[in-house]
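A.B. asks: Take a look at the following structure, please.
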């Protein structure tokens with residue numbers, strides 16, 4: 051059994067340092083005319099949302115007991131690196147390697163992670179570090195959802211929507227890979243001027259004569275959309291047909307691009323961490339004044355008050371509406387406590403790692419006892435549902451059978467049988483009306499696999515690919531189905547295509563290795579297993595395949 055190595059033996063530094071200008075700040079041009087706004091914005095967490103790892107490295111180490119792997123983040127010799135090694139490994143379980151860290155993601159106010167690259171034909175594949183730094187814990191722990199991992203997750207693909215909310219000028223992902231871009235993943239570190247004001251080039255070139263998009267000129271819904279592109283998460287987000295969050299532009303209505311759902315049944319029996327906007331919609335303040343209460347009613351996107359200024363700043367925002375004319379006597383209302391937020395918008399600890407709600411935007415007259423913990427039900431990747439899932443749309447937004455069906459499919463993927471039935475019914479109705487797009491066919495294919503209908507699954511996956519769904523997961527699943535039905539040639543063609551594009555897609559690589567072995571090509575199978583371990587060096591299936599020759603219930607002689 052070889053010692054799985056990554057980074058230190060495979061990826062020369064020039065591969066990743068040539069990636070592009072993700073740490074640049076083109077908004078310095080704006081400071082010439084907007085010096086005050088620029089100086090204030092530069093201090094915000096949004097402005098520091100991402101950049102070069104050399105500029106945002108937080109040194110530290112962490113031992114993950116369950117996997118037995120020790121991680122260390124350091125900047126020795128001026129090169130940010132992630133080192134990892136399994137301590138006291140059992141025979142055949144040795145793991146040691148390192149990765150050069152290129153970018154950091156996260157301002158550090160709540161947390162920070164890093165991106166690294168591995169070479170592939172024609173470019174790089176980008177991955178997220180398996181450990182994150184958490185401000186609340188003042189140290190490193192596993193990336194969200196990987197606390198219980200028994201193996202080191204060393205091939206976590208970068209999610210484009212995460213980049214969209216931490217960087218500016220995010221590149222369009224290449225259609226065929228999960229984590230590949232044409233060049234650098236993003237043009238500018240942090241949330242810059244263009245993220246809220248649109249393309250600034252004409253404004254700069256004209257010396258300011260060509261106006262920028264101003265939030266004050268937009269309807270309340272479109273004002274909020276600028277913020278909600280990042281500050282709305284929901285339990286499920288479904289992109290409308292023909293739309294993507296990557297294509298959203300400031301000034302547009304976000305809800306014409308995507309629909310957000312929350313599971314109402316879970317909220318009935320347990321406190322659930324939500325986004326600020328979901329909570330705000332429930333608040334008496336928002337219900338009283340309607341849509342004219344927007345995010346910027348209380349928040350200045352160009353700056354945040356200091357700790358010393360915070361109480362006075364937000365009290366003034368409350369007193370815009372809570373006036374004497376409205377029957378509120380500010381001087382007489384708890385004169386001993388000037389901090390409105392402390393009582394009516396307490397801070398909650400949550401079990402959600404990403405986008406946890408730190409400040410309660412329900413704005414309640416009598417909030418729950420301070421110190422209570424807001425939690426979600428969950429156990430690893432499979433959620434335990436005590437009530438039937440009841441998905442409701444966030445906001446006053448229309449959602450059709452397509453959006454609802456795709457949303458319920460996500461819960462079906464988490465193991466909820468009732469959601470499977472609802473998803474299948476809704477999406478089959480869409481298909482019957484000849485309104486199915488590639489995403490609908492993809493999910494119908496997945497649902498067919500779940501119920502064991504391989505023929506229908508093949509038909510749906512083929513329809514998805516024919517409609518332009520150039521997706522590695524769809525191709526791999528279809529290849530497995532074709533191989534099982536005896537169509538080995540087509541299966542091999544699909545798997546060759548996907549492993550060439552993304553050798554980090556371990557399932558595709560190992561399935562191709564299995565086909566190679568069945569064609570009496572032991573050398574080809576062995577080499578593919580090595581490829582799988584090169585890109586995902588602690589993958590359990592790849593290690594077991596290499597050690598025993600077993601994969602997918604088939605025994606191969608690889609030695």
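In this note's numbering, the protein residues as written are 51 to 609. Just so you know, even glycine gets a beta-carbon here, dropped at the ideal spot from N, CA and C.
Please state whether DSSP places residue 327 in a helix, a strand or coil.
C.D. replies: Within the chain shown, numbered from 1, the residue matching residue 327 stands at position 277. Reduced to three states, the DSSP call for residue 327 is helix.
A.B. asks: If the criterion is Cβ atoms closer than 7 Å, does the pair residue 252 and residue 218 meet it?
C.D. replies: Mapped onto the chain shown, residue 252 falls at position 202. Mapped onto the chain shown, residue 218 falls at position 168. The answer is no: Cβ separation not under 7 Å.
A.B. asks: Could I get the ranges of all uninterrupted alpha helix (DSSP H) runs contained in the stretch 246-325, with 4 residues as the minimum, in chain order?
C.D. replies: Counting only runs of 4 or more, we get 251-255, 270-281 and 314-319.
A.B. asks: Since residue 210 is in the alpha helix (DSSP H), which residue starts that stretch and which ends it?
C.D. replies: As a position in the chain shown, residue 210 is number 160, starting the count at 1. 210-216 is the extent of the alpha helix (DSSP H) around residue 210.
A.B. asks: If you check the beta carbons only, do residue 130 and residue 103 fall under 7 Å apart?
C.D. replies: On the chain shown, residue 130 is found 80 positions in, with the first residue counted as 1. On the chain shown, residue 103 is found 53 positions in, with the first residue counted as 1. It is a contact, given that the beta carbons lie within the stated cut-off.
A.B. asks: Helix, strand or coil: how does DSSP classify residue 567 here?
C.D. replies: In the chain shown, residue 567 corresponds to position 517, counting from 1. Of the three classes helix, strand and coil, the one that applies to residue 567 here is helix, per DSSP.
A.B. asks: Taking the alpha carbon of residue 594 as the reference point, which residue from 282, 143, 147 and 360 has its own alpha carbon closest?
C.D. replies: One-based indexing of the chain shown puts residue 594 at position 544. Nearest C-alpha to residue 594: 143.
A.B. asks: Flag this pair as touching only if the stretch 265-272 and the stretch 84-101 have three or more C-beta atom pairs under 8 Å; answer yes or no.
C.D. replies: Result no; under three Cβ-Cβ pairs closer than 8 Å.
A.B. asks: Which residue or residues does DSSP assign as beta-bridge partners of residue 100?
C.D. replies: Residue numbering aside, residue 100 sits at position 50 when the chain shown is read from its first letter. Residue 100 is bridged to 155.
A.B. asks: Give me the residue from 175, 189, 391 and 145 with the minimum Cα distance to residue 161.
C.D. replies: As a first step, residue 161 must be located in the chain shown, where it is residue number 111. Minimum Cα distance to residue 161 is reached at 189.
A.B. asks: Who are the near neighbours of residue 335 in its chain, counting only those whose CB is closer than 8 Å to its CB and skipping five residues on each side?
C.D. replies: Here residue 335 corresponds to residue number 285 of the chain shown, with the count starting at 1. Within the same chain, residue 335 has close Cβ partners 343, 371 and 413.
A.B. asks: Would you list the one or two residues that DSSP bridges to residue 91?
C.D. replies: Position 41 of the chain shown, counted from the first residue, corresponds to residue 91. Looking at the DSSP assignment, residue 91 forms no beta bridge with any residue, so it has no partner.
A.B. asks: Nearest CA to the CA of residue 237: which residue from 88, 164, 77 and 354?
C.D. replies: As a first step, residue 237 is located in the chain shown; it is residue number 187 there, counting from the start. With distances taken between Cα atoms, residue 237 lies closest to 77.
A.B. asks: In the structure shown, what three-state DSSP assignment does residue 502 receive?
C.D. replies: To locate residue 502, count along the chain shown from 1; it is residue 452. In this structure, residue 502 counts as coil in the three-state DSSP scheme.
A.B. asks: Taking residue 304 as the reference, give the member of 289, 312, 313 and 314 with the closest Cα.
C.D. replies: Translated into the one-based positions of the chain shown, residue 304 becomes position 254. If we check each option's Cα against that of residue 304, 289 comes out closest.
A.B. asks: With three or more beta-carbon pairs closer than 8 Å as the criterion, would you say the stretch 105-123 touches the stretch 279-293?
C.D. replies: Segments in contact, no.
A.B. asks: Can you name the residues that DSSP bridges to residue 170?
C.D. replies: Within the chain shown, residue 170 is the residue found at index 120, counting from 1. Answer is 173, bridged to residue 170.
A.B. asks: Across which residues does DSSP place residue 576 in a beta bridge pair?
C.D. replies: Counting from one through the chain shown, the residue named residue 576 turns up at place 526. Paired residues: none, contrary to the question.
A.B. asks: In or out: residue 259 buried (at least 16 other Cβ within 10 Å) or exposed?
C.D. replies: Start at 1 with the first residue of the chain shown, and residue 259 comes out as number 209. Residue 259 should be labelled exposed.
A.B. asks: Roughly how far, in whole angstroms, is the beta-carbon of residue 181 from the beta-carbon of residue 193, given that I think they are within contact range, below 8 Å?
C.D. replies: Position 131 of the chain shown, counted from the first residue, corresponds to residue 181. Position 143 of the chain shown, counted from the first residue, corresponds to residue 193. Between residue 193 and residue 181 the Cβ distance is about 6 Å, and since that is below 8 Å, they are a contact.
A.B. asks: Under three-state DSSP, which class holds residue 51?
C.D. replies: Start at 1 with the first residue of the chain shown, and residue 51 comes out as number 1. Residue placement at residue 51 is poorly supported in this model, since its pLDDT is 24, which falls under 50; the coordinates are not used for a value here.
A.B. asks: Do you know offhand how far residue 159's Cα is from residue 325's?
C.D. replies: Position 109 of the chain shown, counted from the start, is the residue given in the question as residue 159. Position 275 of the chain shown, counted from the start, is the residue given in the question as residue 325. Approximately 17 Å between the Cα atoms of the pair.
A.B. asks: Determine, using beta carbons only, whether residue 90 and residue 281 come nearer to each other than 7 Å.
C.D. replies: Residue numbering aside, residue 90 sits at position 40 when the chain shown is read from its first letter. Residue numbering aside, residue 281 sits at position 231 when the chain shown is read from its first letter. No, the pair does not count as a contact, with Cβ atoms beyond the cut-off.
A.B. asks: Exposed or buried, what is residue 275 when buried is set at 16 or more other beta-carbons lying within 10 Å of its beta-carbon?
C.D. replies: Position 225 of the chain shown holds residue 275. Residue 275 comes out buried.
A.B. asks: What whole-angstrom Cβ distance do residue 592 and residue 583 have, given they're in contact under 8 Å?
C.D. replies: The residue labelled residue 592 in the question sits at position 542 within the chain shown. The residue labelled residue 583 in the question sits at position 533 within the chain shown. Confirmed, about 5 Å.
A.B. asks: Under 7 Å between the Cβ atoms of residue 296 and residue 210?
C.D. replies: On the chain shown, position 246 is the one that residue 296 refers to. On the chain shown, position 160 is the one that residue 210 refers to. It is a contact, given that the beta carbons lie within the stated cut-off.
A.B. asks: Within 10 angstroms of its Cβ, does residue 163 collect 16 or more other Cβ (buried), or is it exposed?
C.D. replies: Here the question's residue 163 lines up with position 113 in the chain shown. Buried, since its Cβ has 16 or more Cβ neighbours within 10 Å.
A.B. asks: Measure the alpha-carbon distance for residue 30 versus residue 153 and round it to whole angstroms.
C.D. replies: It is not possible to answer for residue 30, since the shown part of the chain is limited to 51 through 609.
A.B. asks: Identify whether residue 111 lies in helix, strand or coil by the three-state DSSP scheme.
C.D. replies: Taking the chain shown and counting its residues from 1, one reaches residue 111 at position 61. Three-state result, residue 111: strand.
A.B. asks: Tell me the rounded alpha-carbon separation between residue 524 and residue 511.
C.D. replies: The count along the chain shown starts at 1 and reaches residue 524 at position 474. The count along the chain shown starts at 1 and reaches residue 511 at position 461. Their backbone Cα atoms lie some 6 Å apart in a straight line.
A.B. asks: If you draw a straight line from the C-alpha of residue 124 to the C-alpha of residue 106, how long is it?
C.D. replies: Position 74 of the chain shown, counted from the start, is the residue given in the question as residue 124. Position 56 of the chain shown, counted from the start, is the residue given in the question as residue 106. The alpha-carbon atoms of residue 124 and residue 106 are separated by roughly 11 Å.
A.B. asks: Using the Cα positions of residue 100 and residue 229, report the straight-line distance between them to the nearest angstrom.
C.D. replies: On the chain shown, position 50 is the one that residue 100 refers to. On the chain shown, position 179 is the one that residue 229 refers to. Roughly 17 Å between the two C-alpha positions.
A.B. asks: Based on Cα-Cα distance, which residue from 81, 139, 127 and 200 lies nearest to residue 116?
C.D. replies: The residue you call residue 116 lines up with position 66 of the chain shown. When each option's Cα is compared against that of residue 116, the closest is 200.
A.B. asks: So who's on the other strand from residue 124, going by DSSP bridges?
C.D. replies: The sequence position of residue 124 within the chain shown is 74, counting from 1. BP columns for residue 124 point to 131.
A.B. asks: How far does the beta strand (DSSP E) with residue 442 in it reach, from first residue to last?
C.D. replies: Position 392 of the chain shown, counted from the first residue, corresponds to residue 442. Start and end: 441-443.
A.B. asks: Give me whichever residues DSSP pairs with residue 236 in a beta bridge.
C.D. replies: As a working mapping, residue 236 is identified with position 186 in the chain shown. Paired residue(s): 220.
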